[in-house]
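Residue numbers (this note's numbering): 232 to 423.
All residues carry an ideal CB built from backbone N, CA and C; glycine is no exception.
Given the structure is predicted, the values throughout are model-derived calculations rather than measurements.
Here is the structure we will look at.
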């Protein structure tokens, strides 16, 4: 709680869909008993890591397209005639991806399974904790965590280049893409 100067917001890129792809979470890969399983953090469930699931196969191209669009947006001027279209397409991909996560836990979903939905959120908690630990290990003060992002601060760290080592370390520890969403002169956190 309070007013903080020179705060950066870092966010995972499409965190839950990225987790579904990176950790191969799909209804047919969760709860299987094969030689290539991995225990899901905080759950008794396991995930098959070798045979690629249907959901990760489907989401991977959507994530790639959204990433390319978002990358292109960073290089375009807002007055560029493609900017508005790219932004709308990126938003459409975002909601397709978000819907896929929600549908994974829907009880009547043909390609859903509650254990898969739970595995995604368990990995999400683990990934956010790893990001927090990476920030603290690099001397950052973690001010706030929220689902797929965090707000951090470090004395004399005010530039994109200053935060790059943190982004690199988080990606190394989690395997997921993360980006600097903004650097703010000040941020106020109010009591809840």
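From what residue to what residue does the beta strand (DSSP E) around residue i run?
| i | result |
| --- | --- |
| residue 383 | 380–384 |
Report the three-state DSSP secondary structure of residue i (helix, strand or coil).
| i | result |
| --- | --- |
| residue 233 | strand |
| residue 349 | helix |
| residue 372 | strand |
| residue 425 | Any question about residue 425 goes unanswered here, given that the chain covers just 232 to 423. |
| residue 281 | coil |
Could you tell me how far apart the beta carbons of residue i and residue j are, in whole angstroms, since I believe they sit closer than 8 Å?
| i | j | result |
| --- | --- | --- |
| residue 350 | residue 238 | Actually they are not in contact, since the Cβ atoms of residue 350 and residue 238 sit about 32 Å apart, beyond 8 Å. |
| residue 246 | residue 355 | 6 Å |
| residue 407 | residue 243 | 5 Å |
| residue 314 | residue 296 | Their Cβ separation, rounded to whole angstroms, is 17 Å, which puts residue 314 and residue 296 out of contact at 8 Å. |
| residue 283 | residue 255 | 6 Å |
| residue 347 | residue 258 | 5 Å |
| residue 328 | residue 290 | 7 Å |
| residue 342 | residue 248 | Residue 342 to residue 248, Cβ: 14 Å. No contact. |
| residue 362 | residue 381 | 6 Å |
| residue 397 | residue 366 | 6 Å |
Does residue i get closer than 8 Å to chain C when you measure Cβ to Cβ?
| i | result |
| --- | --- |
| residue 365 | Note that chain C does not occur in the displayed structure, where there is just one protein chain. |
The alpha helix (DSSP H) spanning residue i covers which residue range?
| i | result |
| --- | --- |
| residue 403 | 391–405 |
May I ask you to list the residues that DSSP assigns as paired with residue i?
| i | result |
| --- | --- |
| residue 243 | 409 |
| residue 238 | 384 and 415 |
| residue 420 | 233 |
| residue 358 | According to DSSP, which records beta bridges pairwise, residue 358 is partnered with nothing at all. |
| residue 252 | The partner list for residue 252 (beta bridge, DSSP) is empty, contrary to what the question assumes. |
Practice task
Mind listing, in chain order, the continuous alpha helix (DSSP H) runs of no fewer than 4 residues lying wholly within the stretch 284–347?
Solution key: 285–306 and 314–335
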